[in-house]
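Going down the list, the protein sequences come from chains A and B.
The opening residue of the first sequence carries number 1 in my numbering; numbering runs sequentially from there.
The opening residue of the second sequence carries number 1 in my numbering; numbering runs sequentially from there.
Using N, Cα and C, we set each Cβ at its ideal position, and we do this for glycine too.
Keep in mind the model is a prediction, meaning the values are calculated, not measured.
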Amino acid sequence: MSRLIASFLLAGLMAATPMAYLKLGFFTSTGLVGIHWTQPVSYFVTNRDADGVTAAQLQAAMGRAFSTWASVPRVAVTHSFTGFTGAEPFAADGINVIGFRARPELDRTLGAATFEFDEVTGQILESDIFFNTTFKWSVAPAGQAERFDLESVGLHEVGHLLGMGHSALGETEIRSTGGRRVLGKRAVMFPIAYPAGNIEDRTLEADDRAGFADIYGSGAQTGTISGRVTLGNAGIFGAHVTALHTGTGDLVSTFSLTAAGDFTMAGLAPGLYVVRVEPLDDADLDSFFDEDTGVNISFKPAFFAKLVPVPRGGAGPSLHIVVNAK
Amino acid sequence: MTRVLLALTTCVFATTVTAASAQTPRVEVTLGGVVSGRASAGDVNATLVDSGGNALTLFKTSNRVATGTGAEAQIAVRIRPRLLIELGGSWVKANLETRVTSDFEDAAPMTARLGLHQFTVEGSLQYRLSRRGRWDPFVRAGAGWLRELTTDRTLVANGLSANLGGGIKYWVRESRPGLFGRLALRAEVRLGARHGGIAFGDAGTRLAPMFAAGLVIGR
């Protein structure tokens, strides 16, 4: 069995599969494989407290985060807390460990996840999560000023542990002190967290649910939008494609992930959608792609000219979205 | 004198009713066209959530079913002198339209469209008002089953349909023998309600003015 270990610092995401949504994946000689669990997820929690959070409170917060993901309709993922451990997260020891670590050099990283997975099947073999004690944490039910909400960030990291990549469904602005400030977002899996004290990310959004259903759902109850984005006659790699359900207001997004500009968005509730495409310019590109993959951000946002029908268990027409240069 | 007038009036009224009943076919078959007016389907905005829990609008949409045209047919059976029970079916082709505006990053406003077929099967009651010569006014109300599908047949959904309105028939022929011995032209305006069907916009029930016209064959 060939194994590959990958590390995902909060914004980290390896090559995402163009098969669907923002699930983590990799290329093989036979095509693209999304990584996923094929057995119940059993995890340990480190037996060390952090400032303001005990090990037991960390375990409880992670239990809530796992349960939130498991509550996504029509997916089959089971999880269990195995016990407390003295093992360190980010050690290739064959067990899944979640805990605190002091990583002062990562001064903009709240948490991170690592994976060990089968390079052929995509089966996740091990995954760890750490929360950076460089920052102050809270498990207060209503949040706590100046402290990051452990359950909110935990829900994001557990999403990674389960095979989810980052969503680009948000708008940000550059801060004068460096980094970015979130103006608004609509996905727990957006790579930039809300400010300390905020607990908005304890609840999954439609984008998160769609991505999770894409990985672990049967697809029988959801639908797919696919197509390509072009500028002139050339495809655009890395275009951010967003779909609005005209009946519910739910937003789901994906990227174009081939040189031809092909994209696929799965796990969608059936209905009629407005589709919008914009440059991937609201987070650092390395939040979404491992290396410089030629993401084109030199085009104007645009809408697809037709309403897009998505049937239950199927796909609507393939879209061709033409954009103009900036 | 008073008694004579009363008796005379009663006699005239009875005669009129008898004549009207005699002229009213027992069965009417109507074939015609229908125009369905624009129906608002409500506004739905694409919103993000800021750190204060407030909505940040990514873009706005306003949804509607555009004016459509189609055909319909009804068969009505007289069950009382002024009351007919009617079974009808209709087909209307229209466009679903979503107007997109106020994009956060200034994408150009536009209107996205998709064709829609609407089929209804409705049962109605038609009540005839006082007839004036060849003019035969009526009011009608009914409800039934709705089926909507996009013109590319990707989405199909069922719902409920209802109508309330009135119109008039003009009897061109009333006493000639043969299949077309009793013919009338029928015009009608009504308010159509569509509930359910394809999920589109935030309006639970879509209301549209409708105009229908057709040829009535009486037997």
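If the cut is a Cβ gap below 7 Å, which residues of chain A does residue i touch?
i               : result
R64 of chain B  : Under the 7 Å cutoff, chain A gives no residues; its nearest Cβ is about 11 Å from R64 of chain B.
E105 of chain B : E278 and P301
Terminal residues of the continuous beta strand (DSSP E) containing residue i?
i               : result
E72 of chain B  : G68 to R78
Q118 of chain B : M110 to R128
S62 of chain B  : A55 to V65
F333 of chain A : Missing from the structure shown is residue 333 of chain A; chain A here goes from 1 to 326 and no further.
I297 of chain A : Premise fails: I297 of chain A is in no beta strand (DSSP E) and is neither H nor E.
R228 of chain A : G223 to L231
A193 of chain B : R182 to G196
W91 of chain B  : L83 to T101
H166 of chain A : Careful: H166 of chain A lies outside any beta strand (DSSP E) and carries neither H nor E.
G218 of chain B : T205 to G218
W171 of chain B : V156 to R173
E28 of chain B  : V27 to S36
E363 of chain A : Here chain A comprises residues numbered 1 to 326, so residue 363 of chain A is not present and cannot be evaluated.
So, under 8 Å CB-CB, residue i and residue j are touching, yes? Tell me the CB distance rounded to an integer number of Å.
i               : j               : result
K60 of chain B  : T111 of chain B : Wrong, their Cβ atoms sit about 13 Å apart, outside the cutoff.
G316 of chain A : G219 of chain A : Not confirmed; about 14 Å, so no contact.
V34 of chain B  : E86 of chain B  : Not really, about 14 Å apart at Cβ, beyond 8 Å.
T85 of chain A  : T46 of chain A  : 6 Å
I199 of chain A : G170 of chain A : That belief does not hold up - the Cβ atoms of I199 of chain A and G170 of chain A are roughly 17 Å apart, past 8 Å.
T134 of chain A : D51 of chain A  : Not quite, the Cβ-Cβ distance comes to about 11 Å (not below 8 Å), so this is no contact.
D107 of chain A : S167 of chain A : About 24 Å; that fails the 8 Å criterion.
R228 of chain A : S253 of chain A : Rounded, the Cβ-Cβ distance is 16 Å, inconsistent with contact.
V295 of chain A : F289 of chain A : 7 Å
V139 of chain B : G166 of chain B : 4 Å
G159 of chain B : H195 of chain B : 5 Å
L327 of chain A : L96 of chain B  : This structure leaves residue 327 of chain A out entirely; chain A is present only between 1 and 326.
Determine the chain B residues that contact residue i at a beta-carbon separation under 8 Å, and present them in chain order.
i               : result
G249 of chain A : V44, N45, A46, T47 and D202
V229 of chain A : In chain order: nothing, as chain B lies at least about 14 Å away.
Alpha helix (DSSP H) containing residue i: first to last residue?
i               : result
L155 of chain A : L150 to L161
D208 of chain A : A206 to Y216
A56 of chain A  : A55 to A70
Taking Cβ-Cβ distances shorter than 9 Å, what residues in chain B pair up with residue i?
i               : result
A305 of chain A : M110, T111, A112 and R113
G271 of chain A : L155, I198, A199 and F200
V241 of chain A : Those do not exist, as V241 of chain A stays about 13 Å from chain B at its closest Cβ, beyond 9 Å.
Starting from residue i, find everything on chain D with Cβ-Cβ shorter than 8 Å and list it in chain order.
i              : result
L56 of chain B : Protein chains in the displayed structure are A and B, and chain D is not among them.
Given that residue i touches chain A, what residues does it touch there, using C-beta distances under 9 Å?
i              : result
G53 of chain B : N198 and E200
What does residue i reach in chain B if we use C-beta pairs closer than 7 Å?
i               : result
T246 of chain A : V44, T61, N63, T98, F200 and G201
G327 of chain A : No information on residue 327 of chain A is available, as it lies outside the stretch 1 to 326 that chain A covers here.
V274 of chain A : T61, T98, V100 and A112
P311 of chain A : T154 and L155
By the 9 Å beta-carbon criterion, what residues does the stretch 191-215 of chain B contribute toward chain A? Those residues of the stretch 191-215 of chain B that come within reach of chain A (Cβ to Cβ, closer than 9 Å) are I198, A199, F200, G201 and D202.
Below 7 Å between beta carbons is the criterion; list the residues of the stretch 184-201 of chain A that meet it against any residue of chain B, in chain order. G184, K185, R186, Y194, P195, N198 and E200
May I ask you to list, following chain order, the residues of the stretch 133-152 of chain B that have a beta carbon less than 7 Å from some beta carbon of chain A? T150 and D152
Determine which residues of the stretch 152-169 of chain B have a Cβ less than 7 Å from any Cβ of chain A, and write them out in chain order. D152, T154 and L155
Quick one, which residues of the stretch 119-151 of chain A are near chain B if we go by CB-CB under 9 Å, in chain order? none
What residues in the stretch 67-99 of chain B have a beta carbon less than 7 Å from any beta carbon of chain A? L96 and T98
Can we say the stretch 180-194 of chain A touches the stretch 32-52 of chain B, given the rule of at least three CB pairs closer than 8 Å? yes
Examine the Cβ distances between the stretch 258-265 of chain A and the stretch 226-242 of chain A and report whether three or more of them are shorter than 8 Å. Yes, since at least three Cβ pairs between the stretch 258-265 of chain A and the stretch 226-242 of chain A fall closer than 8 Å, the two stretches touch.
Okay, do the stretch 127-145 of chain A and the stretch 85-94 of chain A touch, 3+ Cβ pairs below 8 Å being the bar? yes
With three or more beta-carbon pairs closer than 8 Å as the criterion, would you say the stretch 158-167 of chain A touches the stretch 141-150 of chain A? The way I'd put it, the stretch 158-167 of chain A doesn't touch the stretch 141-150 of chain A; fewer than three beta-carbon pairs between them come closer than 8 Å.
Spell out a yes or no on whether the stretch 61-81 of chain B and the stretch 25-34 of chain B are touching, meaning 3 or more CB-CB pairs, one atom from each, closer than 8 Å. yes
Counting Cβ pairs closer than 8 Å, one from the stretch 202-217 of chain B and one from the stretch 179-190 of chain B, do we hit at least three? yes
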